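For the sequence shown, the residue numbers in the UniProt record's numbering are 1 to 138.
Heads up, the beta-carbon is just placed ideally off N, CA and C, and yes, glycines get one too.
Bear in mind the structure is a predicted one, so any value in this text is a computation, not a measurement.
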Amino acid sequence: MATVELLQHYIEYLTSPTVLLTILLLVGPILYTVRLERRFAAKSTTPSGVPGCRRLGLTGRSNLRSQYEQRPSSSDGHPRVKALFIYPIKSCRGVELATAEVESSGLKYDRRLTFAQLVSKPVQGPEKESSDVAEPSE
Numbered sequence: 001m002a003t004v005e006l007l008q009h010y011i012e013y014l015t016s017p018t019v020l021l022t023i024l025l026l027v028g029p030i031l032y033t034v035r036l037e038r039r040f041a042a043k044s045t046t047p048s049g050v051p052g053c054r055r056l057g058l059t060g061r062s063n064l065r066s067q068y069e070q071r072p073s074s075s076d077g078h079p080r081v082k083a084l085f086i087y088p089i090k091s092c093r094g095v096e097l098a099t100a101e102v103e104s105s106g107l108k109y110d111r112r113l114t115f116a117q118l119v120s121k122p123v124q125g126p127e128k129e130s131s132d133v134a135e136p137s138e
């Protein structure tokens with residue numbers, strides 16, 4: 001019977017106006033932010049988007065959307081940069097930028113990280129090395 005009385009006590013406490021208002025003020029803004037984020041993500045999702053991933057870099061369409069058009073890129077005959085990409089993780093998909101900073105090592109944040117796999121070799125102790133050497137017999 002003690003557990004039933006304890007449960008009734010907690011139900012009365014949690015349904016009091018003060019506790020309900022506190023919970024609403026704490027949880028309400030979080031739920032509102034999550035809802036806005038989902039609504040914004042649904043509007044900005046491109047058909048080629050990968051589920052669970054967010055596009056970084058330029059918003060909207062890529063500067064390369066017209067890369068195969070046959071018209072000249074500029075009327076003065078000088079070449080121009082059509083799109084600018086950096087690859088923060090080597091050999092992974094790039095991020096398209098509107099502008100980039102140039103450092104002595106190249107574009108800022110370009111190829112700063114890489115994936116590597118540890119290859120370990122068995123450790124040979126001193127007893128293993130000495131057993132490989134043939135000792136002269138008397």
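Next on the checklist: Please report the distance separating the alpha-carbon of T15 from that of L21.
Outcome noted: For the purposes of this step, residue 15 is taken as the residue at position 15 of the sequence shown. For the purposes of this step, residue 21 is taken as the residue at position 21 of the sequence shown. Those two C-alpha atoms are separated by around 10 Å.
> Since E96 sits in a beta bridge, which residues does DSSP pair it with?
Replying inline: Within the sequence shown, residue 96 is the residue found at index 96, counting from 1. For E96, DSSP records a beta bridge to F85.
Note to self: Please tell me whether C92 has its Cβ less than 8 Å away from any Cβ of chain D.
What the structure shows: Checking the listed chains, one finds no chain D in this structure; it contains a single protein chain.
field: Exposure label - L97; buried when at least 16 CB within 10 Å
entry: Looking up residue 97 in the sequence shown gives position 97. Burial check for L97: the Cβ neighbour count within 10 Å reaches 16 or more, so the residue is buried.
In this structure, does DSSP put P47 in helix, strand or coil?
Translated into the one-based positions of the sequence shown, residue 47 becomes position 47. Any reading at P47 needs caution, since the residue's pLDDT is 49, under 50, leaving its predicted position unreliable; the model's value is listed next. Correct three-state label for P47: coil.
> Nearest-angstrom Cα distance between V34 and I23?
Replying inline: Stepping through the sequence shown from its first residue, residue 34 is reached at position 34. Stepping through the sequence shown from its first residue, residue 23 is reached at position 23. Distance between the alpha carbons of V34 and I23: 17 Å.
Exercise for the section: Reducing DSSP to helix, strand and coil, say where G77 ends up. Expected result: The sequence position of residue 77 within the sequence shown is 77, counting from 1. G77 falls in the coil class under three-state DSSP.
Is the distance from the Cβ of L107 to the Cβ of I86 below 8 Å?
If you number the sequence shown from 1, residue 107 lands on position 107. If you number the sequence shown from 1, residue 86 lands on position 86. Cβ atoms of L107 and I86: closer than 8 Å.
Notebook entry, point to check: Who are the near neighbours of L84 in its chain, counting only those whose CB is closer than 6 Å to its CB and skipping five residues on each side?
Noted result: The residue given as residue 84 occupies position 84 in the sequence shown. Closer than 6 Å at the Cβ level, and outside the excluded window around L84, lie L97, A100.
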